[in-house]
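The next block holds one structure in the form of structure tokens; read it before the comments.
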Amino acid sequence: MTIQQSDLKLDGNAIGGLLREIFTMEMTTAEGTCANCGQVHVVGQVVVYLNAPGAVVRCPSCDHVLMKIVQGRGRYWIDLTGVRVLEFSA
Amino acid sequence: MARTALLGRLDWQLGEVAELVPQTPRVASLVLDVPDWPGHLAGQHVDVRLTADDGYQAQRSYSIGSAPEDPHLEITVERLEDGEVSPYLVGEVRKGDKVELRGPIGGYFVWTAGDKRPLLLVAGGSGIVPLMSMIRHREHTGSSNPTRLLYSSRSYDDIIYRDELERLAAGGNGLAVAHTLTRMHPQDWRGYARRIDADMLAEVGWPKAEMPAVFVCGPTPMVESVASTLVDMGYDPATIKTERFGATGG
């Protein structure tokens, strides 16, 4: 069986635990603005791939990379350059 | 212990397997006793972590099938032969074993009985699990919220929660269940026997004017097909919530 990239596609629900670790808050209801196309999406709706060495999060509208999160050796590396604004309840 | 706030650290904790319930040849429910479980909402999930003797760890997310009102936490797991976690949870684990988990996780794909919109639930395979939590929650709260479930399985034997769904649908409080079988079906099968399409959604679902709340969960290709079909049919995308399980559904 050939595994296709589309089969590995998940959504923001899959990183609820990881984001909760980092932000210590429920983040799947947070809203992020894509730095490329300007569309706003709830984190639960975004496209997520977990088959890379970390989590790769893409915009459902334009496929631009929103976030990359890698963890290892007790550390996190978080690239948020694709997110212009991340908005959530205090 | 007081109910902990939703904010703050999410710690790993141990749940003890109180019961194992076979659902289909490849799927089993694990009923877990989790001391100090903070409570959950229907639709949320837990992360489960296994640690090997050499310290190697593997972690997966599993939807919660039990209602918030149920005394135990239930997860329902499909055994994937090449998986790292599911062959342990379905086949190896025994009553009394401890399983490391953290949760509840997620706030997007959730439903509470206070939402009075008609409900359309669409499931593929083990995507039924979080929707079952919603159906059980609806039952526990005495809600008669009009609810329709369209559930796609490979075959009759692959239908998870089959008897319970039949019993609840016969209860006469506004739950209707429609099944479709995509690979094999019994000769006297009276349900659908094809992949979910626009005609099926139009027959089973609510007219878009009723403004239903829609939850779709299952393998990624199925979820995307159903969601885009509903949008093509004129449903407001803002009312459709989706959860993708990847290629295999679990």
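Protein chains in written order, with my numbering: chain A, 1 to 90; chain B, 1001 to 1250.
Beta carbons are placed, not taken as given, at the ideal position from N, Cα and C, and that holds for glycine.
A straight line joining the alpha-carbon of L1014 (chain B) with that of T1051 (chain B) spans about 13 Å. Counting other Cβ atoms within 10 Å of its Cβ, S89 (chain A) stays below 16 and is therefore classed as exposed. G1114 (chain B) and G1039 (chain B) have their C-alpha atoms roughly 17 Å apart.
Assigned with DSSP and collapsed to three states, V1129 (chain B) falls in helix. Residues are counted here when their Cβ sits less than 8 Å from a Cβ of chain B; for the segment 10 to 22 of chain A these are L10, D11, G12, N13, A14, G16, G17, R20 and E21, given in chain order.
Close to chain B, meaning a Cβ-Cβ distance shorter than 8 Å, are the following residues of the segment 32 to 45 of chain A: V42, V43, G44 and Q45.
The contact set of L8 (chain A) on chain B, defined by CB atoms closer than 9 Å, consists of T1220, G1246 and A1247 in chain order. In this structure P1022 (chain B) does not touch I1064 (chain B) by the C-beta definition: roughly 19 Å separates them, more than the 8 Å allowed. Closest by C-alpha distance to S1225 (chain B), out of B:T1239, B:H1185 and B:G1124, is B:G1124. Per DSSP, D1199 (chain B) has no beta-bridge partner at all. V47 (chain A) places its beta carbon less than 7 Å from that of R58 (chain A). By the neighbour-count criterion, in which a residue is buried when 16 or more other Cβ atoms sit within 10 angstroms of its Cβ, M1211 (chain B) is exposed. When the five nearest sequence neighbours on each side are left out, the beta carbons in the same chain lying within less than 7 Å of the beta carbon of M25 (chain A) are those of F88, in order along the chain.
Note that the C-beta distance between L1121 (chain B) and A1213 (chain B) is not below 7 Å.
For D1047 (chain B), the closest Cβ of chain A is nearer than 7 Å. Between M1184 (chain B) and S1155 (chain B), the C-beta spacing is below 7 Å. Annotation: the continuous beta strand (DSSP E) that includes F1215 (chain B) extends over A1213 to G1218. Straight across, the Cα-Cα distance linking H1179 (chain B) with Y1056 (chain B) is about 41 Å.
For I22 (chain A), the enclosing alpha helix (DSSP H) stretches over residues G16 to F23. Pairing R1195 (chain B) with E1203 (chain B), the inter-Cα distance amounts to about 14 Å.
The three-state secondary structure of D11 (chain A), taken from DSSP, is strand.
If you check each beta-carbon in the segment 1085 to 1119 of chain B against every beta-carbon of chain A, the ones closer than 8 Å belong to R1102, G1103, I1105, G1106, G1107, Y1108 and F1109. Cα atoms of V1093 (chain B) and A1028 (chain B): separation of roughly 11 Å, rounded to the nearest angstrom.
Under the criterion of beta carbons closer than 8 Å, A1067 (chain B) and R1148 (chain B) do not qualify as touching, at roughly 19 Å. Rounded to the nearest angstrom, the gap between the Cα atoms of N51 (chain A) and G1246 (chain B) is 11 Å. When 9 Å is used as the limit between beta carbons, T1242 (chain B) is near these residues of chain A: D11, N13, G44 and Q45, in chain order.
In this chain, the alpha helix (DSSP H) harbouring R1167 (chain B) covers R1162 to A1169.
By the Cβ test, the segment 1152 to 1168 of chain B is not in contact with the segment 1233 to 1241 of chain B, since fewer than three Cβ pairs between them sit closer than 8 Å. Under the Cβ distance rule, L1010 (chain B) counts among the residues neighbouring chain A, one pair being separated by less than 7 Å. In the structure shown, L1089 (chain B) adopts helical secondary structure according to DSSP, grouped into three states.
Membership of R1244 (chain B) in the beta strand (DSSP E) is indicated by the continuous run I1240 to R1244. Rounded to the nearest angstrom, the gap between the Cα atoms of R1190 (chain B) and R1162 (chain B) is 15 Å. Positions of the beta strand (DSSP E) runs, each at least 3 residues long and wholly inside the segment 19 to 60 of chain A, are given as 31 to 34, 40 to 42, 47 to 49 and 55 to 58 in order along the chain.
Secondary structure in the segment 1095 to 1152 of chain B: the beta strand (DSSP E) runs of 3 residues or longer, each lying completely within the stretch, are 1098 to 1105 and 1119 to 1124 in chain order.
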